[in-house]
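Visitor: In terms of UniProt numbering, the numbers along the sequence shown are unbroken and rise by one, the last being 421. Ideal Cβ positions, reconstructed from N, Cα and C, are used throughout, including at glycine.
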Amino acid sequence: MSVMVPSTTPAQITPGRQALDSTLHQLGQAADHLGLGDGLRTMLSTPRRSLTVSVPVRREDGRMDIVQGYRVQHNVSRGPAKGGLRFHPGTDIHEVTALAMWMTWKCALADIPYGGAKGGVAVDPLTLDSRELERLTRRYVNEILPMMGPDNDIPAPDVGTDEQTMAWIMDAYSSKAGHTLPSKPVPPGGSPGQAGATSRGVQIAALAALGRSPDGVTVAVQGFGKVGALTAQYLADAGCKVVAVSDASGGVYAPAGLDLAGLRAWVAESGHVLGYRHADALGRDELFELNVDVLVPAALESAITEANAPHVRARLVVEAANGPTTPEADEILTANGTTVVPDILANAGGVIVSYLEWVQIMQAASWSEEQAEQRMRHLMESTYAEVAALAARRGLTLRQAAHVIAVGRVAEAHQTRALCS
Ligand SMILES: NC(=O)C1=CN([C@@H]2O[C@H](COP(=O)(O)OP(=O)(O)OC[C@H]3O[C@@H](n4cnc5c(N)ncnc54)[C@H](OP(=O)(O)O)[C@@H]3O)[C@@H](O)[C@H]2O)C=CC1
Ligand SMILES: O=C(O)CCC(=O)C(=O)O
Numbered sequence: 001m002s003v004m005v006p007s008t009t010p011a012q013i014t015p016g017r018q019a020l021d022s023t024l025h026q027l028g029q030a031a032d033h034l035g036l037g038d039g040l041r042t043m044l045s046t047p048r049r050s051l052t053v054s055v056p057v058r059r060e061d062g063r064m065d066i067v068q069g070y071r072v073q074h075n076v077s078r079g080p081a082k083g084g085l086r087f088h089p090g091t092d093i094h095e096v097t098a099l100a101m102w103m104t105w106k107c108a109l110a111d112i113p114y115g116g117a118k119g120g121v122a123v124d125p126l127t128l129d130s131r132e133l134e135r136l137t138r139r140y141v142n143e144i145l146p147m148m149g150p151d152n153d154i155p156a157p158d159v160g161t162d163e164q165t166m167a168w169i170m171d172a173y174s175s176k177a178g179h180t181l182p183s184k185p186v187p188p189g190g191s192p193g194q195a196g197a198t199s200r201g202v203q204i205a206a207l208a209a210l211g212r213s214p215d216g217v218t219v220a221v222q223g224f225g226k227v228g229a230l231t232a233q234y235l236a237d238a239g240c241k242v243v244a245v246s247d248a249s250g251g252v253y254a255p256a257g258l259d260l261a262g263l264r265a266w267v268a269e270s271g272h273v274l275g276y277r278h279a280d281a282l283g284r285d286e287l288f289e290l291n292v293d294v295l296v297p298a299a300l301e302s303a304i305t306e307a308n309a310p311h312v313r314a315r316l317v318v319e320a321a322n323g324p325t326t327p328e329a330d331e332i333l334t335a336n337g338t339t340v341v342p343d344i345l346a347n348a349g350g351v352i353v354s355y356l357e358w359v360q361i362m363q364a365a366s367w368s369e370e371q372a373e374q375r376m377r378h379l380m381e382s383t384y385a386e387v388a389a390l391a392a393r394r395g396l397t398l399r400q401a402a403h404v405i406a407v408g409r410v411a412e413a414h415q416t417r418a419l420c421s
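#1: In chain order, which continuous runs of the beta strand (DSSP E) of length 3 or greater are located wholly inside the segment 19 to 97?
#2: By DSSP's criteria, Gln222 is part of a beta bridge. Which residues make up the other side?
#3: Taking the alpha carbon of Tyr173 as the point to measure from, which residue in Pro146, Ala195, Ile304 has its own alpha carbon closest?
#4: Residues around ligand 2, please: the ones whose beta-carbon is closer than 5 Å to some heavy atom of it, in chain order.
#5: Pick helix, strand or coil for Gly408, following the three-state DSSP scheme.
#6: Determine the extent of the alpha helix (DSSP H) in which Asp280 is found, giving its start and end residues.
#7: Any idea which residues DSSP pairs Gly338 with across the strands?
#8: Thinking just about the alpha-carbon of each residue, which of Ala307, His272, Arg277 is nearest to the one in Glu286?
#9: For Leu282, which of Arg49, Val252, Ala298, Glu373 has the nearest alpha-carbon?
#10: Mapping DSSP to helix, strand and coil, what is Gly349?
#11: Sorted by chain position, which residues of the same chain lie with C-beta nearer than 8 Å to Glu60's C-beta, five sequence neighbours on each side aside?
#12: When the Cα atoms are used, what is the spatial distance from Ile13 to Glu95?
#13: Measure the alpha-carbon distance for Pro15 versus Gln374 and round it to whole angstroms.
#14: Determine the DSSP secondary structure at Asp215, reduced to helix, strand or coil.
#15: Could you tell me the distance, in whole angstroms, from the CA atom of Glu331 to the CA atom of Trp168?
#16: For ligand 1, any of its heavy atoms closer than 6 Å to the Cβ of Asp124?
#17: Straight-line CA distance for Gly47 to Asn75?
#18: DSSP on Leu316, reduced to helix/strand/coil?
#19: Going by C-alpha distance, which of Leu44, Arg78, Leu40, Leu51 is nearest Ala413?
#20: I need the DSSP call for Pro187, collapsed to helix, strand or coil.
#21: To the nearest angstrom, report how far apart Lys241 and Leu316 are at their CA atoms.
#22: For the beta strand (DSSP E) containing Gly239, name the first residue and the last one.
#23: Would you kindly work out how many angstroms separate the C-alpha atoms of Gly62 and Gly160, rounded to a whole number?
#24: Pick helix, strand or coil for Ile361, following the three-state DSSP scheme.
#25: Mind checking which residues open and close the alpha helix (DSSP H) that includes Ala309?
#26: I need the DSSP call for Tyr253, collapsed to helix, strand or coil.
#27: Among Ala265, Leu263, His272, Leu333, which one has its Cα closest to the Cα of Leu295?
#28: By Cβ distance, which residues of its chain are closer than 6 Å to Val227, with the 5 residues on each side in sequence left out?
#29: Could you give the first and the last residue of the continuous beta strand (DSSP E) run that contains Ala117?
#30: Any heavy atom of ligand 1 closer than 6 Å to the beta-carbon of Ser246?
#31: Buried or exposed: where does Gln222 fall if 16 or more other Cβ atoms within 10 Å of its Cβ makes it buried?
#32: Helix, strand or coil for Asp153? Go by DSSP, reduced to three states.
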């Protein structure tokens, strides 16, 4: 039996710890602005429930590996905990806590009745075949079962997981609960699903922030996974010219605009963007320095740092990823006149559509995809307008304004329920 645990020494700041520091910094700024007392600050900076589990995975060759898994419910004062599940070798309890906290603010900002949660398993899903992945997923559900359920904590896809993972989770949960949880079946060949809704929301936020015709606006997208690939496509559909994308292997660049369908076909065949014949190769991080109008980080946290922020030439950064900009980079971008549409606003389309699906399930109702998308669009646009108005009125960045609204709502829920003063 081998144990796969991330190796960190006390002196190392893991990417997860860096992400958590960013969330706490953002919370601190909002709490200062709102004049929150120490009790509320402590309450809001501490997760309500946090579970670390060791998950055995039986490999096809008979070996047994143990991987670390996490589920963190940051806050449940406004409703059941909600948030995705990530399979990534670098994930740790700090990263999952940060991601859960961002979920709390995202749901509060969109004013949907959920708290915030996130899950993670420290594994590279590409090293497992589909039977091993299924066993891992079911065993993880087993371990975190007491925290789950439609009234407690509802998962969704994130990095390294997809609609198939969600179907295994639903089935594993249902067989333990003794009844089938109603949910939408996964169509053969998959569907744009959750990530498609996230990308649609990113498109809506980007167009709102642009405030001008998207025709010919140049875009670079970091990350060509579920969210990044569809965001690129939706922005191109709106008239933008997507000139560069990257994944963990590197980047590709075509000044006249990438053929995104061709690139997706190449990625499906080869597993990565590098090597695509109809574009120039880029170093993975060169993408941040391109002379484009819009930069969309759609990969992992802390992609834009104080090291590369001074070289960002885009006037608009739209955060499809969670936590892609460190606080130091944020200050540099703002000082340089770049507008940043923050994650909790830009990528809220996914959780909004999750919420709309939950409402349909609760009411045993069925809306068309167009109806659900219309409602999501309306909520994205009205939330964007509310954030932009507060930012203009108080001289805040969009991120600061979004956090002031979101943290204010969660704080109010605590005060109303007399949980804290
Ligand atoms: N899925 C969803 O519904 C939602 C996701 N998000 C956020 O969006 C982001 C992306 O999620 P998702 O698309 O689901 O994840 P995926 O696992 O589908 O895709 C992640 C992408 O990021 C790339 N990537 C990883 N590291 C780097 C790097 N250093 N440089 C460039 N690219 C890199 C991956 O490349 P490679 O394949 O080569 O590893 C892959 O293309 C995350 O921050 C997630 O939390 C937010 C809301 C909802
Ligand atoms: O749909 C959801 O529940 C949450 C999606 C998610 O994990 C996110 O927005 O980061």
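Guide: Taking the structure as given:
#1: Counting whole runs of 3 or more residues, the segment 19 to 97 contains the beta strand (DSSP E) stretches 49 to 58, 64 to 75, 85 to 87.
#2: Locating residue 222 in the sequence shown gives position 222, counting from the first residue. Answer is Ser246, Pro297, bridged to Gln222.
#3: In the sequence shown, residue 173 corresponds to position 173, counting from 1. It is Pro146 whose Cα lies nearest to the Cα of Tyr173.
#4: For ligand 2, the selected residues are Lys82, Gly83, Gly84, Ala156, Asp158, Gly350, Val351, Ser354.
#5: Position 408 of the sequence shown, counted from the first residue, corresponds to residue 408. In this structure, Gly408 counts as helix in the three-state DSSP scheme.
#6: Counting from 1 along the sequence shown, the entry for residue 280 is found at position 280. Element bounds for Asp280: not the alpha helix (DSSP H) but the beta strand (DSSP E), 280 to 282.
#7: For the purposes of this step, residue 338 is taken as residue 338 along the sequence shown, with counting starting at 1. The residue you asked about is not Gly; residue 338 is Thr in the sequence shown. None, per the DSSP bridge assignment.
#8: On the sequence shown, position 286 is the one that residue 286 refers to. Of the candidates Ala307, His272, Arg277, the one whose C-alpha sits nearest the C-alpha of Glu286 is Ala307.
#9: Translated into the one-based positions of the sequence shown, residue 282 becomes position 282. Minimum Cα distance to Leu282 is reached at Val252.
#10: For the purposes of this step, residue 349 is taken as residue 349 along the sequence shown, with counting starting at 1. Three-state DSSP puts Gly349 in a helix.
#11: What you label residue 60 is simply residue 60 of the sequence shown in a count that begins at 1. Here Glu60 has Asp129, Arg131, Glu132 as same chain residues with Cβ atoms under 8 Å from its own Cβ, once five neighbours each way along the sequence are excluded.
#12: The residue labelled residue 13 in the question sits at position 13 within the sequence shown. The residue labelled residue 95 in the question sits at position 95 within the sequence shown. Computed Cα separation, rounded: 11 Å.
#13: As a position in the sequence shown, residue 15 is number 15, starting the count at 1. As a position in the sequence shown, residue 374 is number 374, starting the count at 1. If you take the alpha carbons of Pro15 and Gln374, they lie about 37 Å apart.
#14: For this step, residue 215 is matched to residue 215 along the sequence shown. Reduced to three states, the DSSP call for Asp215 is coil.
#15: Along the sequence shown, one-based indexing puts residue 331 at 331. Along the sequence shown, one-based indexing puts residue 168 at 168. If I take the Cα positions, the gap works out to 42 Å.
#16: By one-based count along the sequence shown, residue 124 stands at place 124. The answer is no for Asp124.
#17: Within the sequence shown, the letter at position 47 stands for residue 47. Within the sequence shown, the letter at position 75 stands for residue 75. Reading off the sequence shown, one finds Pro at residue 47, where the question assumed Gly. Between Pro47 and Asn75, the C-alpha separation is close to 6 Å.
#18: Looking up residue 316 in the sequence shown gives position 316. Leu316: strand per DSSP, three-state reduction.
#19: Translated into the one-based positions of the sequence shown, residue 413 becomes position 413. When each option's Cα is compared against that of Ala413, the closest is Arg78.
#20: One-based indexing of the sequence shown puts residue 187 at position 187. Bear in mind that the predicted position of Pro187 carries a pLDDT of just 44, short of 50, making it too unreliable to give a figure here.
#21: For the purposes of this step, residue 241 is taken as the residue at position 241 of the sequence shown. For the purposes of this step, residue 316 is taken as the residue at position 316 of the sequence shown. Roughly 14 Å between the two C-alpha positions.
#22: Residue mapping note: residue 239 aligns to position 239 of the sequence shown, counting from 1. Premise fails: Gly239 is in no beta strand (DSSP E) and is neither H nor E.
#23: Counted from its first residue, the sequence shown places residue 62 at position 62. Counted from its first residue, the sequence shown places residue 160 at position 160. Roughly 24 Å between the two C-alpha positions.
#24: In the sequence shown, residue 361 corresponds to position 361, counting from 1. Three-state DSSP puts Ile361 in a helix.
#25: Position 309 of the sequence shown, counted from the start, is the residue given in the question as residue 309. Here Ala309 belongs to no alpha helix (DSSP H), and DSSP marks it neither H nor E.
#26: For the purposes of this step, residue 253 is taken as residue 253 along the sequence shown, with counting starting at 1. Here Tyr253 sits in strand by DSSP.
#27: Against the sequence shown, residue 295 aligns to sequence position 295. Per the Cα distances, Leu333.
#28: Here residue 227 corresponds to residue number 227 of the sequence shown, with the count starting at 1. Contacts found: Ala195, Thr198, Ser199, Ala298, Ala320.
#29: Here residue 117 refers to the residue found at position 117 of the sequence shown. Counting along the chain, the beta strand (DSSP E) containing Ala117 begins and ends at 115 to 121.
#30: As a working mapping, residue 246 is identified with position 246 in the sequence shown. Ser246 Cβ: within cutoff of ligand 1.
#31: For the purposes of this step, residue 222 is identified with residue 222 of the sequence shown, where counting begins at 1. Buried, by the Cβ-count rule.
#32: Looking up residue 153 in the sequence shown gives position 153. In the structure shown, Asp153 sits in a strand (DSSP, three-state: E or B).
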